[in-house]
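Participant: Residue numbers (this note's numbering), protein chains in the order written: chain A, 4 to 368; chain B, 4 to 368. Virtual Cβ for every residue (Gly too), placed ideally from N, Cα, C. Dumping the structure here so I can ask a few things about it.
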């Protein structure tokens with residue numbers, strides 16, 4: 004697998020930040036940028052937003068302010084972000100990643116703006132990478148072995164072909180090898196049973212293609228996995244279509260939120276419960292830290308000709324800083340080259356007849 | 004909605020129990036049957052299994068032993084259960100529900116045997132109900148409002164048409180009205196966003212059909228819901244295809260299992276943690292009870308000409324007793340008639356051109 008030969012970037016890495024995105028905008032993104040810079044002495048940031056909102060960041064070290072006059076709202080339809088707000092902070096931030104004369108102003112971009120708009124604008128500005136039919140969104144979840152599981156796609160593609168799923172597997176492998184330093188991460192195909200005969204026709208065909216890719220040394224495919232394996236640690240990467248991935252992610256969020264509120268209710272039910280909570284506080288805090296979803300903030304948009312990371316819209320400064328860190332690690336470890344090389348290698352080893360589809364704007368959740 | 008006019012069954016209800024099914028067989032099912040009988044003085048049971056295994060139950064009150072010579076193993080392929088083991092306890096138990104000369108020996112059947120085999124044998128023995136293209140599996144999950152959410156389908160159907168999803172909505176409504184006594188339960192369509200334009204073509208078309216069914220007073224459709232809404236209590240019923248439903252259920256199981264093991268690890272990490280656990284024990288126990296999946300055991304196979312309930316294979320006696328209770332409540336409240344009436348009403352109000360599909364054996368997870 005070619006990804007392993009890639010050397011990390013020497014010297015500084017620049018990240019373009021859409022400071023206006025998300026539920027809270029600069030109130031969250033600016034403190035996050037400050038904290039990030041303090042922890043990453045080799046990083047540089049391009050802070051993108053309205054002049055007024057970024058006044059406070061004018062003199063910051065290793066920072067430049069890039070002006071944008073518009074802001075994509077969290078509920079703006081994709082069309083508005085794409086066609087009307089051409090000078091939005093989101094679009095300007097993404098544009099920093101696009102090479103002009105072979106050089107880009109930034110190596111990655113981070114935005115907490117709305118997912119559909121971000122994917123559409125990124126796809127329009129940066130274009131899809133050669134050999135990729137559809138970009139995907141990949142996120143990371145904690146697992147039982149105290150490791151991470153990377154899941155993709157998470158909502159960019161509601162209907163996927165077997166070819167798409169193979170590409171997701173290849174891109175996910177590049178991501179994990181770049182960010183986690185794992186040369187040959189395990190890939191599982193999300194299905195409703197472990198046997199190869201399970202699932203619908205697309206899934207079965209994707210399984211066949213992944214077995215061929217495994218035989219050719221392109222991915223480390225371990226076979227079908229089930230929903231619970233997102234958390235068992237049996238696999239490093241879970242590949243699925245965007246509909247299923249989105250439902251799985253939101254189901255997990257919903258359950259986590261219910262359990263959290265049940266724990267809170269039980270520990271505040273009576274004076275005795277409250278005393279128990281007080282005594283159990285250090286234990287509960289460790290538990291909370293272990294499953295803190297903010298630590299896993301920062302989903303990668305993969306398959307574009309530039310690195311774009313999506314922060315949760317409701318991220319606080321701590322969570323947004325994690326997304327910046329994730330983008331920084333990816334850029335430093337040349338994720339873009341790794342995806343490019345692995346996809347090229349796959350195309351050469353397993354040529355497909357499927358024509359690239361760069362047509363309609365993808366629908367994102 | 005016609006389901007509400009149905010009167011509960013007067014007098015006794017008989018449940019046929021596949022005593023050999025599940026990971027533990029009679030060691031679990033027989034104690035569960037005893038506990039169930041003690042709590043339900045009007046219930047009768049038909050205990051189905053090998054003569055040897057059921058020796059101990061020979062003299063039990065309100066019980067008859069029905070002999071079967073074979074057992075479907077948890078890993079038996081569907082074909083084996085269907086074609087080779089014609090005298091299996093699973094098949095004999097299901098046959099008790101089939102009317103002979105207008106009268107059936109039992110009003111419902113419960114088995115902890117493997118899902119694929121159970122669905123296939125039930126479908127073969129009982130046949131699909133008029134107006135139903137494909138039977139579905141429905142289960143219940145706890146939600147944040149201390150109520151239940153019924154989710155279907157859970158793996159019987161990997162590819163579903165919009166018509167299938169409408170039928171699931173109608174059958175789910177009949178189930179909830181029968182078991183929970185809610186005349187007009189809310190139905191949500193599982194999607195990746197709340198807006199009607201979200202999702203793939205099948206989902207969009209299902210949304211349209213559900214809106215028409217809502218306008219005709221057939222279901223109480225509240226629109227699209229997302230994965231987290233399984234747990235928010237926003238809807239009583241979540242409708243989805245079997246692939247998505249299975250992934251959502253298993254994702255939830257995986258997360259719950261991870262969180263449980265994290266809590267256990269943190270509370271046993273040090274002597275001080277163990278002391279905290281001791282003091283917090285009553286609180287932790289209340290929490291555990293609230294989310295105890297055993298309380299929700301017993302999935303309904305809907306759309307067949309007979310009531311069949313599926314217990315988790317790994318169920319203990321407490322969990323298996325819950326499944327018996329669920330089947331009993333469904334039979335007592337004439338679930339079969341309710342499904343039949345509601346489907347007929349739907350067919351009359353919204354006739355479709357789709358031919359019934361009773362062809363291939365369904366694939367279950």
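Counting Cβ pairs closer than 8 Å, one from the region 105-122 of chain A and one from the region 316-331 of chain A, do we hit at least three?
Facilitator: Yes, the region 105-122 of chain A touches the region 316-331 of chain A.
Participant: Exposed or buried, what is residue 43 of chain A when buried is set at 16 or more other beta-carbons lying within 10 Å of its beta-carbon?
Facilitator: Burial call: buried.
Participant: At 3 residues or longer, what runs of the beta strand (DSSP E) sit wholly inside the region 218-298 of chain A?
Facilitator: Listed in chain order, the complete beta strand (DSSP E) runs (minimum 3 residues) inside the region 218-298 of chain A are 223-228, 240-242.
Participant: Could you please tell me which residues of the region 160-180 of chain B, in chain order, have their CB closer than 7 Å to any CB of chain A?
Facilitator: Cβ contacts with chain A come from 161, 162.
Participant: Scan the region 246-262 of chain B for residues whose Cβ lies nearer than 8 Å to a Cβ of chain A and list them as they occur along the chain.
Facilitator: Of all residues in the region 246-262 of chain B, 246, 247, 249, 250, 251, 252, 253, 254, 255, 256, 257, 258, 259, 260, 261, 262 have a Cβ within less than 8 Å of some Cβ in chain A.
Participant: Distance check for residue 186 of chain B and residue 220 of chain B, CA to CA, integer angstroms please.
Facilitator: C-alpha separation (whole angstroms): 12 Å.
Participant: Assuming contact is defined by CB atoms lying nearer than 9 Å, are residue 142 of chain B and residue 301 of chain B in contact in what I supplied?
Facilitator: Yes, Cβ-Cβ distance for residue 142 of chain B and residue 301 of chain B is below 9 Å.
Participant: May I have the straight-line CA-CA distance separating residue 182 of chain A from residue 154 of chain A, to the nearest angstrom?
Facilitator: Going by the C-alpha atoms only, they are around 14 Å apart.
Participant: Per DSSP, what kind of secondary structure is residue 66 of chain B in: helix, strand or coil?
Facilitator: Residue 66 of chain B falls in the strand class under three-state DSSP.
Participant: Flag this pair as yes or no: are the beta carbons of residue 179 of chain A and residue 216 of chain A separated by less than 9 Å?
Facilitator: No, Cβ-Cβ distance for residue 179 of chain A and residue 216 of chain A is not below 9 Å.
Participant: Rounded to the nearest angstrom, what separates residue 304 of chain B and residue 17 of chain A at their Cα positions?
Facilitator: Between residue 304 of chain B and residue 17 of chain A, the C-alpha separation is close to 57 Å.
Participant: Given that a residue counts as buried once 16 or more other Cβ atoms are within 10 Å of its Cβ, and exposed if not, what is residue 329 of chain B?
Facilitator: Result: buried.
Participant: By the three-class DSSP mapping on this structure, what secondary structure does residue 139 of chain A have?
Facilitator: Correct three-state label for residue 139 of chain A: strand.
Participant: Is residue 317 of chain B close to chain A, meaning its C-beta is less than 9 Å from at least one C-beta of that chain?
Facilitator: Answer no: the Cβ-Cβ gap between residue 317 of chain B and chain A never drops below 9 Å.
Participant: What number of angstroms, rounded off, separates the C-alpha of residue 131 of chain A from the C-alpha of residue 306 of chain A?
Facilitator: One C-alpha to the other measures close to 6 Å.
Participant: What do you get for residue 263 of chain B, buried or exposed, if any count of 16 or more other CB atoms within 10 angstroms of its CB means buried?
Facilitator: Residue 263 of chain B comes out exposed.
Participant: Under 8 Å, with one C-beta from each stretch per pair, do the region 155-162 of chain B and the region 231-245 of chain B reach the 3-pair mark?
Facilitator: Segments in contact, yes.
Participant: Shortest alpha-carbon distance to residue 326 of chain A belongs to which of A:134, A:68, A:247, A:311?
Facilitator: The shortest C-alpha separation from residue 326 of chain A is found at A:311.
Participant: Tell me whether residue 44 of chain B sits in a helix, a strand or coil according to DSSP, three-state version.
Facilitator: Three-state DSSP puts residue 44 of chain B in coil, outside helix and strand.
Participant: Under 9 Å, do residue 100 of chain B and residue 129 of chain B count as touching if we go by C-beta distance?
Facilitator: Yes, the pair counts as a contact, with Cβ atoms nearer than the cut-off.
Participant: Using a Cβ cut-off of 7 Å, pull out every chain B residue sitting near residue 143 of chain A, in sequence order please.
Facilitator: Going along chain B, no residue has its Cβ under 7 Å from residue 143 of chain A, so there is no contact; the nearest lies around 14 Å.
Participant: Only counting the same chain, and skipping five residues up and downstream in sequence, which positions put a Cβ closer than 7 Å to that of residue 362 of chain A?
Facilitator: Low per-residue confidence applies at residue 362 of chain A: pLDDT is 45, beneath 50, and the placement is therefore not dependable enough to give any value.
Participant: What residues from chain A crowd round residue 211 of chain B, counting only those whose CB sits closer than 8 Å?
Facilitator: By Cβ distance, chain A contributes nothing, its closest Cβ being about 17 Å from residue 211 of chain B, past 8 Å.
Participant: Would you kindly report the start and end of the unbroken beta strand (DSSP E) that includes residue 193 of chain A?
Facilitator: Taken as a continuous stretch (DSSP letters only), the beta strand (DSSP E) holding residue 193 of chain A covers 189-193.
Participant: If you draw a straight line from the C-alpha of residue 349 of chain A to the C-alpha of residue 343 of chain A, how long is it?
Facilitator: The alpha-carbon atoms of residue 349 of chain A and residue 343 of chain A are separated by roughly 10 Å.
Participant: Examine chain B for any beta-carbon lying closer than 9 Å to the beta-carbon of residue 269 of chain A, and answer yes or no.
Facilitator: Yes, because at least one Cβ of chain B sits closer than 9 Å to the Cβ of residue 269 of chain A.
Participant: Are there 16 or more other CB atoms within 10 angstroms of the CB of residue 41 of chain B, so buried, or fewer, so exposed?
Facilitator: With fewer than 16 Cβ atoms within 10 Å of its Cβ, residue 41 of chain B is classed as exposed.
Participant: Closest to residue 26 of chain B by C-alpha separation, out of B:256, B:49, B:79, would be which residue?
Facilitator: Cα-wise, what sits closest to residue 26 of chain B is B:79.
Participant: Which one or two residues does DSSP pair with residue 370 of chain A in a beta bridge?
Facilitator: There is simply no residue 370 of chain A to check, as chain A begins at 4 and stops at 368 in what is shown.
Participant: Residue 212 of chain A by DSSP, collapsed to three states: which one?
Facilitator: Residue state, collapsed to three classes: helix.
Participant: Can you pull the chain B neighbours of residue 39 of chain A, defined as C-beta to C-beta under 7 Å?
Facilitator: Neighbours of residue 39 of chain A on chain B: none; closest Cβ ~28 Å, over 7 Å.
Participant: Report the neighbours of residue 208 of chain A on chain B: residues whose CB is nearer than 7 Å to its CB, in chain order.
Facilitator: Going along chain B, no residue has its Cβ under 7 Å from residue 208 of chain A, so there is no contact; the nearest lies around 13 Å.
Participant: Grouping DSSP H, G and I as helix and E and B as strand, with all else coil, what is residue 32 of chain B?
Facilitator: Reduced to three states, the DSSP call for residue 32 of chain B is helix.
Participant: Looking only at C-alpha atoms, which of B:280, B:259, B:339 sits nearest to residue 295 of chain B?
Facilitator: Among B:280, B:259, B:339, the Cα nearest to that of residue 295 of chain B is on B:259.
Participant: Return the CA-CA distance between residue 87 of chain A and residue 213 of chain B, expressed in angstroms with no decimal places.
Facilitator: Going by the C-alpha atoms only, they are around 34 Å apart.
Participant: Under 8 Å by Cβ, that's how I've got residue 324 of chain A and residue 39 of chain A pegged, so tell me the actual separation to the nearest angstrom.
Facilitator: The Cβ separation is near 5 Å, so the contact holds.
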